[in-house]
Amino acid sequence: MNDIPRKTSVTLEDLLRVKRAEQPPAEFWGRFEQGLRAKQLAAIVEPRPWWAPFIRISARLSRYQLPVGATAVLAITLFTLREYQPASQSPVFEPEPARVTLAPSAPVETPTGEFDAINVPTPSSANRVAAVQPVAAPAAVDPRKAQAVPAAATAVGAVSHVAMINSEYTSARYMADNLAAAQPSDPNLDQMLGLSLRNSDASVIPSEPLAQINVPGESRLYRLLGGAAHQASVGTSDSALRLNAQTARHLSERRLSESDVISRLAVEGDRLTVRF
Amino acid sequence: MDTVKTLGKTLVASPERQLEADFDLTIVRRVQEGDVAAFDQLVLKYRGRVYAVVYNMTSNREDASDLTQDAFIKSFQSINRFQGQSSFFTWLYRIAVNSTLTHLRKNRLRTFFSFEKINEDDKVSSEVIAALTDDTSADHETFARELQEKLNEAMQKLSIRHRTVITLFEIDGLGHQEIAEIMNCSVGTVRSRLHYAKQLLQAELQTYIRR
């Protein structure tokens with residue numbers, strides 16, 4: 001003890017050095033080694049739980065949580081908007097009133113053979129047919145009998161055109177006036193509406209879904225005939241334009257008065273939606 | 277981010293520590309490639325220091341032994357996930373400290389202390405005990421035992437985090453940056469905790485401090 005140099009001051013750090021000097025004896029490490037070996041073997045032999053890999057994977061993926069989550073939210077949002085938009089816009093684009101034009105000589109272009117027999121009715125022929133059989137034609141055409149439609153459609157379509165000319169409903173007149181006013185400022189309007197409607201109708205007619213639907217009433221029949229008339233319309237002469245506006249007026253009038261029927265059928269892009 | 281961390285570590289770590297870390301990394305790579313026996317080198321190298329840290333945190337030699345073994349087992353099991361972004365030494369210390377903190381939180385109410393003997397070959401501790409014994413008429417060994425108990429009492433009055441910081445800094449001799457990496461906190465937090473812990477220990481051990 002006398003060999004130890006005298007220390008005059010003792011600081012906190014010196015006292016903590018005493019703690020550092022607390023060390024286990026040499027034999028302690030032998031036991032420590034044995035215990036470590038036993039635990040090491042137990043750890044190797046012990047089967048890992050089945051969910052251990054998932055924890056490891058989730059720990060690795062935790063850094064990607066934010067970008068993956070943000071991408072998923074964005075994708076869902078875009079997908080939802082894409083699916084929602086056509087349904088919301090379908091009532092805005094009313095196809096029939098804007099595109100009905102009559103061409104004297106153009107035949108109907110349909111993939112199926114059912115409508116090949118439909119010839120485009122000229123105004124004069126329409127008048128003639130209207131004079132010959134004004135009332136019997138609508139009753140003769142049954143939507144379920146698809147084979148009977150072509151011949152009757154020509155006649156009844158002409159009758160409806162004549163009735164459209166005499167239509168005096170205010171709402172139909174407004175629509176026709178608006179359409180006529182918009183055409184000079186935008187010459188492509190008619191073509192644009194015609195293209196969109198032609199595209200929408202192209203998929204409807206070949207599959208002929210309306211013929212398989214059991215819907216009573218004349219309004220449905222008139223819509224069918226109106227669609228056939230749209231297919232027949234190609235020309236852009238003055239008389240045709242005038243008839244176009246009158247037809248639009250007539251159909252708009254019927255659409256307004258029979259809104260419950262119209263709302264059950266909707267043409268959206270390349271799809272036909274029927275609500276029961 | 278990893279580059280910044282590595283750069284910060286490189287700037288702070290001394291060349292000796294860097295060499296040591298590189299050497300440890302070569303051993304770790306060997307273990308990762310299947311040389312399991314190479315892990316024994318790491319155990320022999322660090323078992324004393326890890327045990328000292330855990331022992332000074334728990335003040336119980338049995339618990340310290342178990343926790344040190346567990347730390348090595350955990351590091352062995354997870355060594356394939358070690359990518360070398362920090363030194364193996366820091367990584368092993370982090371495992372040991374976290375295990376000890378969990379153990380202390382679970383056994384907060386259990387206070388059973390068992391002390392190691394003070395190594396008489398340690399020059400500084402012998403000088404301190406000699407200086408303090410001269411002021412009293414107590415026996416050297418008796419006084420050393422009493423001093424151990426007082427030091428332990430003072431350490432136990434610290435919170436677990438403050439005790440960890442003072443153990444790593446004053447007893448194990450680690451730097452602020454290394455302690456911050458081990459405890460996963462900022463250097464400022466380490467400094468703050470260290471200052472507070474020293475103040476408390478000064479107050480508790482006032483009778484043993486000679487100016």
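Just so you know, the protein sequences line up as chains A and B, in that order. Quick note, the first sequence lines up with residues 1 to 276 if you use my numbering. Quick note, the second sequence lines up with residues 277 to 487 if you use my numbering. Here a beta-carbon is modelled for each residue, glycine too, at the ideal position from N, C-alpha and C. These numbers come from a predicted model, not from an experiment.
Check the Cβ of S9(A) against every Cβ in chain B and list those closer than 9 Å, keeping chain order.
Translated into positions along the first sequence, residue 9(A) becomes position 9. Near S9(A) (Cβ distances below 9 Å), the residues of chain B are A407, I485, R486, R487.
Mind listing the chain B neighbours of F54(A)? Cutoff is C-beta to C-beta under 8 Å, in chain order.
For the purposes of this step, residue 54(A) is identified with residue 54 of the first sequence, where counting begins at 1. Simply none; closest approach about 15 Å.
Enumerate, from N- to C-terminal direction, the unbroken beta strand (DSSP E) stretches of 3 or more residues contained entirely within the stretch 368-395 of chain B.
Taking only runs of at least 3 residues, no beta strand (DSSP E) segment lies wholly in the stretch 368-395 of chain B.
Does DSSP put R467(B) in a helix, a strand or coil?
Against the second sequence, residue 467(B) aligns to sequence position 191. Looking at R467(B) - three-state DSSP - the assignment turns out to be helix.
Assess, as a yes-or-no matter, whether the stretch 325-333 of chain B is touched by the stretch 16-33 of chain A under the definition of 3 or more beta carbon pairs within less than 8 Å.
Flag = yes, the stretch 16-33 of chain A and the stretch 325-333 of chain B touch.
Can you grab the Cα-Cα spacing for the pair S160(A) / S171(A), in whole Å?
As a first step, residue 160(A) is located in the first sequence; it is residue number 160 there, counting from the start. As a first step, residue 171(A) is located in the first sequence; it is residue number 171 there, counting from the start. At S160(A), the pLDDT of 43 sits below 50, so the modelled position is not reliable and the matter cannot be decided from this model.
Run down chain A in chain order and give the residues with a C-beta less than 7 Å from the C-beta of N395(B).
For the purposes of this step, residue 395(B) is taken as residue 119 along the second sequence, with counting starting at 1. By Cβ distance, chain A contributes A21, Q23.
Specify, as a first and last residue, the run of the beta strand (DSSP E) that P272(A) falls within.
Walking along the first sequence from the start, residue 272(A) turns up at place 272. The residue you asked about is not Pro; residue 272(A) is Leu in the sequence shown. 271-274 is the extent of the beta strand (DSSP E) around L272(A).
Got a sec: is the Cβ-Cβ distance from R439(B) to anything in chain A below 8 Å?
Within the second sequence, residue 439(B) is the residue found at index 163, counting from 1. No, R439(B) lies away from the interface with chain A (no Cβ there is under 8 Å from its Cβ).
For the alpha helix (DSSP H) that contains Q34(A), what are its first and last residues?
The residue labelled residue 34(A) in the question sits at position 34 within the first sequence. Q34(A) -> alpha helix (DSSP H) spans 26-45.
Considering only residues of the same chain and omitting the five flanking positions on each side of D346(B), which have a CB-CB separation below 8 Å?
On the second sequence, residue 346(B) is found 70 positions in, with the first residue counted as 1. Cβ neighbours of D346(B) beyond the five flanking positions: S375.
If you measure between the beta carbons of I436(B) and L12(A), is that distance less than 8 Å?
Against the second sequence, residue 436(B) aligns to sequence position 160. Against the first sequence, residue 12(A) aligns to sequence position 12. No, they are not a contact pair.
Using a Cβ-Cβ cut-off of 8 Å, state whether F79(A) counts as contacting chain B.
The residue labelled residue 79(A) in the question sits at position 79 within the first sequence. No, F79(A) lies away from the interface with chain B (no Cβ there is under 8 Å from its Cβ).
Given a cut-off of 8 Å on the beta-carbon distance, is the pair V404(B) and R17(A) in contact?
For the purposes of this step, residue 404(B) is taken as residue 128 along the second sequence, with counting starting at 1. For the purposes of this step, residue 17(A) is taken as residue 17 along the first sequence, with counting starting at 1. Yes.
To the nearest whole angstrom, what separates the beta carbons of L434(B) and L15(A), a pair I think is in contact under 8 Å?
For the purposes of this step, residue 434(B) is identified with residue 158 of the second sequence, where counting begins at 1. For the purposes of this step, residue 15(A) is identified with residue 15 of the first sequence, where counting begins at 1. Their Cβ separation, rounded to whole angstroms, is 14 Å, which puts L434(B) and L15(A) out of contact at 8 Å.
What are the boundary residues of the alpha helix (DSSP H) that L322(B) is part of?
In the second sequence, counting from the first residue as 1, residue 322(B) sits at position 46. Reading the sequence as shown, one finds Tyr at residue 322(B) and not Leu. It spans 315-334 - the alpha helix (DSSP H) in which Y322(B) sits, taken as one unbroken run.
Have a look at the DSSP bridge pairing and note the partners of A266(A).
As a first step, residue 266(A) must be located in the first sequence, where it is residue number 266. According to DSSP, which records beta bridges pairwise, A266(A) is partnered with T273(A).
Do we get a CB-CB distance below 8 Å when we pair L41(A) with the residues of chain B?
Residue 41(A) sits at position 41 when you count from the first residue of the first sequence. No, no contact with chain B.
So is S244(B) in contact with chain A if we call contact Cβ pairs under 8 Å?
No answer is possible for residue 244(B): the residues shown for chain B start at 277 and end at 487.
In chain order, what residues of the same chain have a beta carbon less than 6 Å from the beta carbon of S390(B), not counting five sequence neighbours either side?
Walking along the second sequence from the start, residue 390(B) turns up at place 114. Within the same chain, S390(B) has close Cβ partners N336, R337.
Taking just the CA atoms, how far does T378(B) sit from D415(B)?
Translated into the one-based positions of the second sequence, residue 415(B) becomes position 139. Translated into the one-based positions of the second sequence, residue 378(B) becomes position 102. Taking the straight line joining both Cα atoms gives about 39 Å.
If T369(B) sits next to V326(B), beta carbons under 8 Å apart, how far is it from one beta carbon to the other, in whole angstroms?
Reading the second sequence from its first residue, position 93 is the one you call residue 369(B). Reading the second sequence from its first residue, position 50 is the one you call residue 326(B). The displayed chain sequence assigns Tyr, not Thr, to residue 369(B). Yes, they are in contact, since the Cβ atoms of Y369(B) and V326(B) sit about 7 Å apart, within 8 Å.
Label Y222(A) either buried or exposed according to how many other C-beta atoms from any shown protein chain fall within 10 Å of its C-beta, with 16 as the threshold for buried.
If you number the first sequence from 1, residue 222(A) lands on position 222. Burial call: buried.
Taking just the CA atoms, how far does I455(B) sit from D316(B)?
Start at 1 with the first residue of the second sequence, and residue 316(B) comes out as number 40. Start at 1 with the first residue of the second sequence, and residue 455(B) comes out as number 179. Cα-Cα distance, rounded: 25 Å.
Mind checking whether L380(B) and A430(B) have CB atoms under 8 Å apart?
Locating residue 380(B) in the second sequence gives position 104, counting from the first residue. Locating residue 430(B) in the second sequence gives position 154, counting from the first residue. It is not a contact, given that the beta carbons lie outside the stated cut-off.
Under 7 Å between beta-carbons, which chain B residues line up against E46(A)? List them in chain order, please.
Translated into positions along the first sequence, residue 46(A) becomes position 46. Residues of chain B passing the Cβ test: none, with the nearest at roughly 10 Å.
May I ask you to report which of helix, strand or coil DSSP gives E22(A)?
On the first sequence, position 22 is the one that residue 22(A) refers to. In the structure shown, E22(A) sits in a strand (DSSP, three-state: E or B).
For the alpha helix (DSSP H) holding D300(B), just list the boundary residues, first then last.
Locating residue 300(B) in the second sequence gives position 24, where the first residue counts as 1. 291-308 is the extent of the alpha helix (DSSP H) around D300(B).
For the putative contact between V441(B) and A473(B), defined by C-beta atoms under 8 Å, what is the C-beta separation to the nearest angstrom?
Position 165 of the second sequence, counted from the start, is the residue given in the question as residue 441(B). Position 197 of the second sequence, counted from the start, is the residue given in the question as residue 473(B). About 6 Å separates the two Cβ atoms, so the contact holds.
By how many angstroms is the C-alpha of A181(A) removed from the C-alpha of V141(A)?
Counted from its first residue, the first sequence places residue 141(A) at position 141. Counted from its first residue, the first sequence places residue 181(A) at position 181. Bear in mind that a pLDDT of 43 at V141(A), under 50, signals an unreliable position, so the number given afterwards is only what the model happens to contain. Straight-line Cα distance between these residues: approximately 37 Å.
Would you list the residues sitting across from V10(A) in a DSSP beta bridge?
As a first step, residue 10(A) must be located in the first sequence, where it is residue number 10. R486(B).
To be precise: take each residue of the stretch 339-359 of chain B, compare its Cβ to all Cβ atoms of chain A, and keep it if any distance is under 7 Å. Which residues remain?
Listed in sequence order: S341, Q345, F348, I349, F352, Q353.
Can you find a C-beta in chain A that's less than 8 Å from the C-beta of D415(B)?
Indexing the second sequence from 1 puts residue 415(B) at position 139. Not closer than 8 Å to any Cβ of chain A, the Cβ of D415(B) fails to qualify, so no.
Alpha carbon to alpha carbon, how far is F79(A) from S363(B)?
Here residue 79(A) is taken as the residue at index 79 of the first sequence, counted from 1. Here residue 363(B) is taken as the residue at index 87 of the second sequence, counted from 1. Whole-angstrom Cα-Cα distance: 47 Å.
L16(A) versus chain B: which residues are under 7 Å apart at the beta carbon?
Against the first sequence, residue 16(A) aligns to sequence position 16. Simply E446, I447.
Let me check understanding here. Comparing Cα to Cα, which of V73(A), V68(A), A42(A), E27(A) lies closest to F352(B)?
Numbered from 1 along the second sequence, position 76 holds the residue referred to as residue 352(B). For the residues V73(A), V68(A), A42(A), E27(A), the minimum Cα distance to F352(B) belongs to A42(A).
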